[in-house]
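Asker: Position 56, counted from 1, in the sequence shown is what numbering that gives the first Met the number 0 calls 55; the numbers after and before it change by one each time, with no gaps.
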Amino acid sequence: MNDADVAAIINAPKACPNCDKQLVRPAKMNAYAWAKKIYCNASCYRRALKNGKHMTYQFQLEGRYIGP
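#1: Going by other Cβ atoms of all chains shown within 10 Å of its Cβ, with 16 needed for buried, is Ala47 buried or exposed?
#2: Quick check on Lys13: does DSSP put it in helix, strand or coil?
#3: For Tyr38, count neighbouring C-beta atoms within 10 Å of its own C-beta (all shown protein chains included) and say buried if the count is 16 or more, exposed if not.
#4: Can you name the residues that DSSP bridges to Leu22?
Written out as structure tokens, the structure reads:
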């Protein structure tokens, strides 16, 4: 894997799992913070927790939901 492959994976478009809104990486956000960002905002995060659909970062990578 070279640097271009890693950059393509990091900058790949993603959607909020709760509302399916496309997330856009802000110019000032570093790659680590962008990789950890899952939801579009705090209310979507709380709603997903309430509905039992919250995905942690590790399980997001594996594509599995964590829930009741």
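Every residue gets a Cβ at the ideal spot worked out from N, C-alpha and C, and that includes glycine. Treat the numbers as computed from the prediction; the structure is a model and nothing was measured.
Answerer: Based on what the coordinates show:
#1: Counted from its first residue, the sequence shown places residue 47 at position 48. The residue in question, Ala47, is buried, as its Cβ has 16 or more Cβ neighbours within 10 Å.
#2: Numbered from its first residue, the sequence shown carries residue 13 at position 14. In the structure shown, Lys13 sits in a strand (DSSP, three-state: E or B).
#3: Locating residue 38 in the sequence shown gives position 39, where the first residue counts as 1. Classification for Tyr38: buried.
#4: Along the sequence shown, read from residue 1 onward, the residue named residue 22 stands at position 23. Listed as beta-bridge partners of Leu22 by DSSP are Lys13.
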